[in-house]
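> Sending over a structure as structure tokens; questions will come in a sec.
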Amino acid sequence: MNRLSLRMAHAIQLLVATVALAQAPAGVRKTVLVENCDNPMELAPLPDGRVLFVERFGNVRIWKPDTKETVLAAKFQVHGHLNAINAKEPDRGSWEAGLIGLTLAPDFARTGWIYVYWSPAGETPENRVSRFALIGDSLDLASEKVVLRVPVQREVCCHEAGSLAFDGAGNLFLSTGDNTNPFESDGFNPNDTRAGRYPFDAARSSGNANDLRGKILRIHPEPDGRYTIPEGNLFPPGTPKTRPEIFVMGCRNPFRIAVDVVTGTLTWGEVGPDAREPKPERGPAGFDEINRTRTAGNFGWPFLIADNKPYRTYDFATKQSGDPQDAAKPLNLSPNNTGPTELPPARPAWIYYPYGPSARFPVVGSGGRTACAGPVYRFDPKLTSARKLPVAYDGCLFLYDWERHWIITARLNDAGEAMKLERFAPEIALKRPMEMELGPDGALYLIEFGTGWENNRDAKIVRIEALPQVQP
């Protein structure tokens, strides 16, 4: 059957399903699976109905549908929190390091492999992508294969990102934050190049084509634990002063990413800086972004933001401003830059919004901002599951905001453009949605992080599923 025939068959199935559900509301409900989680970060619904999730201070847990209880699958010793193994490790719970990313291997059903992104405790300042084997309800820590190492600084916080996702070709995407402290830049871009201010210069990470931070990386893991470079990354292997793992550069804190395995489109939420108003001598106000791409590119930070609004070069020592950056040819003039001075052209954001109301995207509202990206839902008429989302959400991309407590659906056309943005299930109360994945049952699995940043007593793992259908 050719592709056109497959599309026609799918369309007919959807039409039949739509007619069958015409008299029923496209309603959903929230079911709480786990309460009182300890800083949960990412989750992965398993094929057998269990839910695997990681907690930032080192726990790997599994929720079991038969007992409705959780079991501890493993305990990592991580940087970022005091632990009994390494008493010298300072308690830095307000940092963003730890056990922060999780995804299943595409062949998980056969291999039991999972991938995690984590910050090992100890003297070496690095984060790692590691592969482990899940055996029953236990994660075999001795099975670790270190796939990729990302050198970081641990002198001051922030921005680790750390979301993991596979595409349909078996390529693994990893988001990394700019690993830069933003709190001494007046809410603008922290390009402080003074001596001794290395952790305050995002140009040495996000704007550096020879650094893995402030990026979305794309690699192809091999069975032996090593990786190869897929074709089409931003810098071909062998390009001087660049890293071939880079797919997207110019990110601040791409906290949550998602990859559509059907189209190969990468979507991510970009958490932006804090300036509430623009300043002519510095640059634009802060914006969060939702970005989408099928091809490698530079998305501007720390030189441009939103729809390529430019920052000015700025001397933190003299407080003097220079020229605004050129989106067509951004320049990285930092002495901490180990990559090329001239960068690829900057791409504008797909969706972007400030603290205040957005005239362009009014549905996002106003207030604090932490943009995140979720999956694309495709209704499967053949899937026997009472929990699968209704056909009304077929083809919707799910977006969410940790700080604003909402989920938004973006209805896409064939070109991947958003035809309509609307709130999803506003009647369902959410406390800081942190992570979202579709399960094999067609339901959405979410982390509710709770009321604060850490040590919440109301963090939960929840499932958003179709309302039970009332039989006539």
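To get the working numbering, take the position in the sequence shown, counting from 1, and add 105. Even for Gly, the Cβ is constructed at its ideal location relative to N, Cα and C.
Going by CA-CA distance only, name the one from His325, Met541, Tyr222, Asp245 that's closest to Ser235.
Tyr222
> Give every residue of the same chain whose Cβ lies closer than 6 Å to the Cβ of Leu277, excluding the five residues on either side of it in the sequence, and list them in chain order.
Phe271, Ile324, Pro326
> Mind checking which residues open and close the beta strand (DSSP E) that includes Phe213?
DSSP places Phe213 in no beta strand (DSSP E) but in the uninterrupted alpha helix (DSSP H) bounded by 213–216.
> Hey, how far is the Cα of Glu228 from the Cα of Leu157?
Taking the CA atoms as reference points, Glu228 sits about 29 Å from Leu157.
> Starting from the N-terminal side, write out each stretch of the alpha helix (DSSP H) that is 4 residues or longer and does not extend beyond the region 448–482.
Counting only runs of 4 or more, we get nothing.
> Between Gly405, Thr446, Gln425, Thr400, which has its C-alpha nearest Pro385's C-alpha?
Gln425
> Can you pull the DSSP bridge partners for Cys501?
Arg516
> What does a CB cutoff of less than 8 Å around Lys193 pick up in its chain, not counting 5 residues either side in sequence?
Unreliable positioning characterises Lys193 in this predicted model, as indicated by a pLDDT of 45, which lies under 50. A coordinate reading is not provided.
> Taking the beta strand (DSSP E) that Ile566 belongs to, which residues open and close that run?
565–571
> Report the start-end ranges of each beta strand (DSSP E) in the region 136–195 that is 3 residues or longer and not cut off at the edges.
145–150, 156–160, 164–169, 174–180
> By a C-beta neighbour count over all protein chains shown, 10 Å radius and 16 as the cutoff for buried, is Trp507 buried or exposed?
buried
> Rounded to the nearest angstrom, what separates Val183 and Phe421 at their Cα positions?
34 Å
> According to DSSP, is Tyr303 part of a helix, a strand, or is it coil?
helix
> Since Lys250 is in the beta strand (DSSP E), which residue starts that stretch and which ends it?
It spans 243–256 - the beta strand (DSSP E) in which Lys250 sits, taken as one unbroken run.
> Taking Asn232 as the reference, which of Asp365, Thr418, Tyr220 has the closest Cα?
Tyr220
> Around the C-beta of Lys414, are 16 or more other C-beta atoms found within 10 angstroms, so that it is buried, or is it exposed?
buried
> So is Ser471 buried or exposed if we call it buried at 16+ other beta carbons inside 10 Å?
exposed
> How many angstroms separate the CA atom of Ala571 from the CA atom of Gly374?
Their backbone Cα atoms lie some 26 Å apart in a straight line.
> Using 8 Å as the threshold, is the region 431–451 in touch with the region 332–347, meaning 3 or more CB pairs across them?
Touching, per the Cβ criterion.
> Given Ala300, which residues of its chain have a CB within under 7 Å of its CB, disregarding the five upstream and five downstream residues?
Once the five neighbours on either side are set aside, Ala300 has no close Cβ partner at all.
> Taking a contact to mean a Cβ-Cβ separation below 8 Å, would you say Ile566 touches Trp168 in this structure?
Going by C-beta atoms, Ile566 is nearer than 8 Å to Trp168.
> Please return the same chain residues whose Cβ sits closer than 8 Å to the Cβ of Gly427, not counting the five positions on each side in sequence.
Arg417, Thr418, Tyr419, Asp420
> For Gln430, is the classification buried or exposed, using 16 other Cβ atoms within 10 angstroms of its Cβ as the cut-off for buried?
Under this definition Gln430 is a buried residue.
> Given that a residue counts as buried once 16 or more other Cβ atoms are within 10 Å of its Cβ, and exposed if not, what is Val124?
Per-residue confidence for Val124 stands at a pLDDT of 33, beneath the threshold of 50, marking its modelled position as unreliable; the derived number appears in the next sentence. Exposed, by the Cβ-count rule.
> Let me check one thing: in DSSP terms, what residues is Ala363 bridge-paired to?
Thr372
> Using only the alpha-carbon positions, how far apart do Val159 and Thr423 sit?
45 Å
> Going by DSSP, what residue range makes up the beta strand (DSSP E) through Asp272?
First-last for Asp272: undefined, no H or E at that position.
> Does DSSP classify Ala59 as helix, strand or coil?
Past the edges of the chain, shown from 106 to 577, lies residue 59, and the structure says nothing about it.
> List the endpoints of the continuous beta strand (DSSP E) containing Gly343.
Counting along the chain, Gly343 falls outside any beta strand (DSSP E), and DSSP gives it neither H nor E.
> Express the C-alpha separation of Pro359 and Leu526 in angstroms, rounding to a whole number.
21 Å
> Restricting to Cα atoms, I'd like to know which of Pro462, Thr216, Ala202 is closest to Ser224.
For the options Pro462, Thr216, Ala202, the alpha carbon positioned closest to that of Ser224 is the one of Ala202.
> When we look at the beta-carbon of Lys434 and count the other beta-carbons within 10 Å, is it buried (16 or more) or exposed?
exposed
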